[in-house]
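Here the structure comes first, spelled out in structure tokens, and everything after it is commentary.
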Amino acid sequence: MVQTTRYRHYKGGIYELICEATLESDPAITMIVYRAANGTIWTRPASVFFELVEHEGAKVPRFAAIE
1 MVQTTRYRHY KGGIYELICE ATLESDPAIT MIVYRAANGT IWTRPASVFF ELVEHEGAKV
61 PRFAAIE
């Protein structure tokens with residue numbers, strides 16, 4: 001289980017990571033459950049949440065932890 005942590009999306013949004021979950025249709029896939037500043041709840045596979053993406057010519061984390 002992950003601790004509730006705030007992350008900044010590479011496009012600038014701030015999100016609160018709520019928990020990890022198991023995808024019901026494929027238990028091998030760990031999902032990240034997170035909340036946007038407006039309260040909307042989202043999920044993404046952990047592999048996508050923590051991946052590097054190309055942004056302005058550089059590889060950056062899709063979500064970077066902030067303190």
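Using the UniProt record's numbering, you'd call the opening residue of the sequence shown number 1 and step up by one each time. Think of the CB as a built atom: it goes at the ideal place given N, C-alpha and C, for glycine as much as any other residue.
CA-to-CA distance, residue j to residue i, given in whole angstroms
i, j, result
"I18", "G57", "30 angstroms"
"F50", "T5", "13 angstroms"
"E20", "V60", "22 angstroms"
For residue i, the three-state DSSP class (helix, strand or coil)
i, result
"F49", "helix"
"L23", "coil"
"I41", "strand"
"R62", "coil"
Nearest neighbour of residue i, chosen from the options [CA to CA]
i, options, result
"T43", "I29, E54, V53 and H55", "I29"
"G39", "G13, I66 and E67", "G13"
"P45", "V60, E54, D26 and A37", "D26"
Same chain, Cβ closer than 7 angstroms to residue i, neighbours up to 5 away in sequence not counted
i, result
"R35", "Y15, E16, I18 and I41"
"H55", "Y10"
Cβ neighbours of residue i in the same chain (closer than 6 angstroms, five flanking residues each side left out)
i, result
"L23", "I29 and M31"
Test: residue i CB closer than 8 angstroms to a CB of chain C
i, result
"K11", "The structure shown contains no chain C; it holds only a single protein chain."
Contact test: residue i Cβ vs the ligand NAD heavy atom, cutoff 7 angstroms
i, result
"T22", "What this structure holds is no ligand at all, so the ligand NAD is not there to describe."
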